[in-house]
Amino acid sequence: MRADDAVEAIAEVVPETPAAGTGFVIDEIELKGFMRYLTKTDPPIRFPEKFTVITGKTGAGKSSILDAITFALYKSTTRTDPPANATIDAICRPGGYVRVAFRHGDTRFEVKRGFTTKKEPYLELSRDGEAIGGSIPEREHAIRDLLGLDYAGFTNSTFVRQEEMKDLGSQRGSDRLQIFQKLFRLETFERAQARSKERHDEIDGHVESQEREIATRAERVSKLPDLVTGLKALEVEGSRSAARAAGLAREAESTGARVRELESKHSQYLKADASIVQHTKRVVDIERRIAEVAADAETTERLKAEISIFEDETKGYEELEEEGDRLRDLQQHHQLRMKDREAVFQRRQEFLAEHERKLKQMSEKLFGTERRIAELRTDVSKEQAFDLLRSEGALGERIARIEKEVAWLAGQADLVKDLGLERRKAGILLERVQSDVSKINEDSFLLSELRRQIDEAKDEIRSVSETKTARLAEFDVQLESVDRDIARIGFTDDARKRLGEVRDSLGKMKPKRDALEVAKRKLRASGDASKLLEDLKAQGETARKDLTAAEAALAGLKADEDSYELAKADLERLQGELSDARAAASRTEGLLAERRRAIAELEEDKRRNADAVAKLESMLQEREVLAVLKDQVFHKKGVVMYAVHQLLPGLQIEASKNLGDLTDGRFSKIRLETYEEGKGHGIRILVEGVDGRWHDVGEFSGGEKTQINAALRFAIARELASMPQVGRTYARMKTLFIDEGDLGSLDTEASRDLFVQKLFKMGEFFDKVILITHLTEVAEKFPGRIRISMTPEQESRVEYLS
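Following this line, the structure appears as structure tokens:
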């Protein structure tokens, strides 16, 4: 096997290329019976804004939304992944489902996955409202082709989880390398290495097997000379056996000719013997039949007597049967109309019950509204409040105007006196109005609404009462109509009693009637016994004459039959000896064929051994190529580290920019480098501190480490989003979910603000950026806000804050 062939065999682990697209943009999610989302999320969870935050306490069900997305698209979640290993039916109840709607370019897709109430799984897929057919596996394949990603690739490209950001800053470089491999799907090369090792071990086993096979064939080929010598002795023995068989065949042919000459006489003898047997049997049968017919004649007379008795006992049966049929028809019509009456009456009772229920509900609503009015802190309605406020303003203006006029007319005592009186009157009115205005509060608006509700409730009660009267009249008309039909049918108590009597009479007469019919059939079948008896006696006499003639013919053929038996016995003896001779010759011929076949097989083994040696040489070469692949090419020190080295420079530049944004320029340089760690490899993360020196990420505080981890993870997210579509592993994603993001470790509001600003900048590369967090002060900065809460019944509920 050439090296190119080995690489081609390993390449089966690389996913095939999907169709090009513009990326996955989430629109809405609808859940029911999934995780803690027991009831349907109505309306669905929508993401109309470019930036959305999902808030709620820990355990409320925020991260379950991410599991819902991957459940619908891939039938996988973090709960079903190791080490949790939960089953799908444990997280989605019977009758539950998840529906995910997303855009891919200008096309809208919907995926709905769940279980029926009978626990049967289903998957629905539609494009712009048009269903896409196929089985569940075919639709799952269509989803993977559409997204261009498998489950792991989708979660790496679309979700930024808190544990990933923490692991990037772990103390062990090998852990960091594992995160890089997971995010960039470099574990593909580990699978290729494992496949190479499998193939290497397989070829190694084939080599050992081939060597043993070559040795085994060589041992068999060494017996070839002895087999050739034994072949000649078998050929001589075969010639002698063939000659003896030919002599016996000639003798058997002569005896067979004598037997064939006597076969005509033998046939006549057999016919005569068979004729005697046949005539004897016929004589016996006729004598037995004569005895039976004599007995049947007596039975016929008895049947006639029984028929006469049964006819007397069943007289009038047909008339009773007709009367019973007529009464049963009346009874059936009567029962049907009674059922109709019962149905009408039942509907009337149900209507009355429903009316009482509605009336009770409306009364309770009316009384409740009146109680609410009594509990209000004011008796001033909205309309009265507006009138009082207008009056208060007008009186205030009036007093102010009088004050001005008093000042203007200070020298005219009479007018000033009149104005003083008018001012006191206006003051008194103002005090009264202000007393009423003090009663105005927020309940004034509620009072007007409650009074309106009371009027509507009273109108509704009047309407329901009027409807009741009309409906009861309709039911009474229907009942009267059914009662008239029942009376017309006329199935009275006397008719019911008569039907019972007829049934009893028919029940008693029915067995006798059946017995009468049976007796008549037997009588018709028996026929005239006397004439039949005479015919049978004549047939018996003829049969005895035929038997005597057959016995005489058999006696004349006895001598020829004895000669035939002797010749046949001699022929059978010769045929047995001939069969034994032929069997011996056949055995010898078989041994000859077996010996020739064995010689041919050994000669073939000799040729195949030469081919096997050449094949062994080819397998040794393939084993050597596979050893290079598994130990050098696909090993971590090979292609994996090469890929990491290609990624690190770009990530290093982007992460440094991100860190500068997240720390407001306090830290702005990150260096990523690989190194050997024991028998493995790792990635070292170094950051230039405020002292101008490079420090390992583990030396920084919790909040600083979070900023460094976020800078690097955001750089990775952008790299994944910007990668060209080269196979399913790297499809373009336009939606980014950040699960918590370790924001709790950022100890200042300024650092959290910078984190949020950086998320908003990620909008340059993603159509939708969605943050999941429990920090309410962070959530207030997002235009789209969704809150997830847990009810006392442990059910997740969705609330839209903006």
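In the working numbering, the protein residues as written are 321 to 1122. Here a beta-carbon is modelled for each residue, glycine too, at the ideal position from N, C-alpha and C.
Taking the CA atoms as reference points, S628 sits about 13 Å from V838. Residue pairing for E1008: DSSP places it in a beta bridge opposite W1014.
If you draw a straight line from the Cα of G415 to the Cα of M355, it is about 13 Å long. Residue environment: R752 is assigned as exposed (fewer than 16 neighbouring CB atoms within 10 Å of its CB, all protein chains considered). In this structure E1024 is buried. Its beta-carbon is surrounded by 16 or more other beta-carbon atoms within 10 angstroms. Sequence-distant partners of L898 (beyond 5 residues in either direction) whose C-beta falls short of 8 Å from its own C-beta, in its chain, are A565, L568, A569, A572. In terms of Cβ geometry, R648 and I809 do not form a close pair [threshold 8 Å].
Within the same chain, and ignoring the five residues on either side of E350 in sequence, the residues whose Cβ sits closer than 6 Å to its Cβ are T361, P364, R419.
Here A730 carries a coil assignment [DSSP, helix/strand/coil].
Exclusion of the five residues before and after D347 leaves R366, F367, A421, F422, R423, R428 as the residues of its chain whose Cβ lies within less than 8 Å of its Cβ.
Contact check between the stretch 1053-1062 and the stretch 1074-1092: three or more CB pairs, one atom from each, fall below 8 Å, which counts as touching. Taking all protein chains shown into account, N405 has fewer than 16 neighbouring C-beta atoms within 10 Å of its C-beta and is therefore exposed. For H424, the enclosing beta strand (DSSP E) stretches over residues 412-424.
With fewer than 16 neighbouring CB atoms inside 10 Å of its own CB, E854 falls in the exposed class. If you compare the alpha carbons of S384, E800, N761, E458 with that of F665, the shortest gap goes to E800. Positions of the alpha helix (DSSP H) runs, each at least 4 residues long and wholly inside the stretch 590-617, cannot be given because no such run exists. In this structure D981 is in contact with K1081, their Cβ atoms being roughly 7 Å apart against a cut-off of 8 Å. Between L979 and I1058, the gap from beta carbon to beta carbon reaches 8 Å or more. Put simply, the stretch 688-703 does not touch the stretch 720-732. Fewer than three CB pairs are less than 8 Å apart.
Per DSSP, S384 is one residue of the alpha helix (DSSP H) stretching across 384-394.
Between L992 and L968, the beta carbon gap of about 4 Å places them in contact (Cβ cut-off 8 Å).
Taking C-beta atoms as the reference points, A904 and S561 count as a pair closer than 8 Å. Where D448 is concerned, there is no enclosing beta strand (DSSP E), because DSSP gives it neither an H nor an E.
Per the DSSP secondary-structure output, E996 pairs in a beta bridge with H1001. Proximity to R907 across A410, K857, G558, R481 peaks at G558, based on C-alpha coordinates.
Ranked by how close their Cα comes to the Cα of F1102, the residues K370, T359, L358 have K370 in first place. The Cβ-Cβ distance between I760 and L715 does not fall below 8 Å. Nearest Cα to K517 within the set V1007, A563, V948: V948. Per the C-alpha coordinates, the member of F344, G376, Y357, E522 positioned closest to E1097 is G376. G454: not part of any beta strand (DSSP E); DSSP gives it neither H nor E.
CA-to-CA, the gap between Q651 and E821 works out to about 14 Å. Proximity of the stretch 922-939 to the stretch 534-541 meets the contact definition, three or more beta-carbon pairs being nearer than 8 Å. In the DSSP assignment, E1115 falls outside any alpha helix (DSSP H) and carries neither an H nor an E. For the pair L922 and A934, the Cα-to-Cα distance works out to about 19 Å. Nearest C-alpha to D387 among R399, A901, A577: R399. A straight-line Cα-Cα distance of about 14 Å links A918 and E909.
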